[in-house]
Amino acid sequence: MPDLEALATELEKANEPKFQLGLQVDAWRVRVDSNSEELITHLKRYFQPFVKEISNPDTHVVAIECDEPDWGIDYTDWEREGGKVGRKDAFADIKGGRAIWKVRTGMQFLLGETTRLAAGRCLKNDNQVINFIITQYITWLLEHEYALCHAAGVEWHGKGLMFAGFSGGGKST
Numbered sequence: 303m304p305d306l307e308a309l310a311t312e313l314e315k316a317n318e319p320k321f322q323l324g325l326q327v328d329a330w331r332v333r334v335d336s337n338s339e340e341l342i343t344h345l346k347r348y349f350q351p352f353v354k355e356i357s358n359p360d361t362h363v364v365a366i367e368c369d370e371p372d373w374g375i376d377y378t379d380w381e382r383e384g385g386k387v388g389r390k391d392a393f394a395d396i397k398g399g400r401a402i403w404k405v406r407t408g409m410q411f412l413l414g415e416t417t418r419l420a421a422g423r424c425l426k427n428d429n430q431v432i433n434f435i436i437t438q439y440i441t442w443l444l445e446h447e448y449a450l451c452h453a454a455g456v457e458w459h460g461k462g463l464m465f466a467g468f469s470g471g472g473k474s475t
């Protein structure tokens, strides 16, 4: 069985992540390291209101721009919602955490106790790196006893209304 920490260490040694980005959203602080200066520039633009020098992050994310890694992992397809067809995501529980494979793009992610690594064509799929970072924020919120829900909201003259519901349930229509 592959070892998550060994896979991450090997990939980082071969693709030194020497470019950094610090972000702070409310109390959450994250540092993103990458071997791609261009990716860090894209992320800085996207997260511009939250860019900040971070010395002691709550979360550390590494994004490695590289060919699709061949880690020899036997992935299991993630079961899709009813009515949706085709392979999209696959996962494998490995020593030290979980590996996730985005089938359509070839992007792979390692999630361990402290390891948060994205690998593959990060520039071409920067939306997946952005979603990965946002997911780490959501995880942090849940670990700090926040409640989350899938919802849509409207505001009218300083008053708001929230519609919670399942995906595809018509909240936005």
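Sequential numbering from 303 applies to the sequence shown in this note's numbering. Glycine included, every Cβ here is placed at the ideal spot set by N, Cα and C.
Taking the straight line between their C-alpha atoms, what separation do you get for THR361 and PHE393?
In the sequence shown, residue 361 corresponds to position 59, counting from 1. In the sequence shown, residue 393 corresponds to position 91, counting from 1. CA-CA distance, THR361 to PHE393, rounds to 22 Å.
Closest to PRO351 by C-alpha separation, out of GLN326, ASN337, GLU367, would be which residue?
Taking the sequence shown and counting its residues from 1, one reaches residue 351 at position 49. Ranking the options by Cα distance to PRO351, first place goes to GLN326.
If you reduce the DSSP assignment to three classes, tell me which class PHE349 lands in.
As a working mapping, residue 349 is identified with position 47 in the sequence shown. PHE349 falls in the coil class under three-state DSSP.
Assuming the contact rule is C-beta atoms closer than 8 Å, MET303 and ILE402 should be a hit. Round their C-beta distance to whole Å, please.
As a first step, residue 303 must be located in the sequence shown, where it is residue number 1. As a first step, residue 402 must be located in the sequence shown, where it is residue number 100. Actually they are not in contact, since the Cβ atoms of MET303 and ILE402 sit about 16 Å apart, beyond 8 Å.
Does the region 363-372 come into contact with the region 450-469, if we say contact requires no fewer than three beta-carbon pairs (one atom in each stretch) closer than 8 Å?
no
What is the DSSP secondary structure of PHE393, counted as helix, strand or coil?
Indexing the sequence shown from 1 puts residue 393 at position 91. The DSSP-derived three-state label of PHE393 is strand.
Enumerated in chain order, which unbroken segments of the alpha helix (DSSP H) with a length of 4 residues or greater are wholly contained in the region 403-454?
428-445
Give me whichever residues DSSP pairs with GLU367 in a beta bridge.
Against the sequence shown, residue 367 aligns to sequence position 65. DSSP output for GLU367 lists GLY422 as bridge partner(s).
Are the beta-carbon atoms of GLU307 and GLY455 separated by less than 8 Å?
Here residue 307 refers to the residue found at position 5 when the sequence shown is read from its first residue. Here residue 455 refers to the residue found at position 153 when the sequence shown is read from its first residue. Cβ distance not < 8 Å, so GLU307 and GLY455 don't count as in contact.
Less than 8 Å between the CB atoms is what I'm expecting for LYS426 and VAL405, so what's the real figure, rounded?
Reading the sequence shown from its first residue, position 124 is the one you call residue 426. Reading the sequence shown from its first residue, position 103 is the one you call residue 405. The C-beta distance from LYS426 to VAL405 rounds to 15 Å, too long to meet the 8 Å contact threshold.
Compute the distance between the beta-carbons of ALA464 and GLN430, then report whether it is under 8 Å.
Position 162 of the sequence shown holds residue 464. Position 128 of the sequence shown holds residue 430. Residue identity check: residue 464 is Met in the sequence provided, not Ala. Between MET464 and GLN430, the C-beta spacing is not below 8 Å.
If we count the other Cβ atoms within 10 Å of its Cβ and call it buried at 16 or more, is PHE434 buried or exposed?
In the sequence shown, counting from the first residue as 1, residue 434 sits at position 132. Its Cβ being crowded by 16 or more others within 10 Å, PHE434 is buried.
Return helix, strand or coil for GLU355, following the three-state DSSP convention.
On the sequence shown, residue 355 is found 53 positions in, with the first residue counted as 1. DSSP places GLU355 in coil when its eight states are reduced to three.
Given this structure, state the Cα-to-Cα distance separating VAL353 from TRP330, to the nearest angstrom.
Reading the sequence shown from its first residue, position 51 is the one you call residue 353. Reading the sequence shown from its first residue, position 28 is the one you call residue 330. Spanning the two alpha carbons is a distance of roughly 12 Å.
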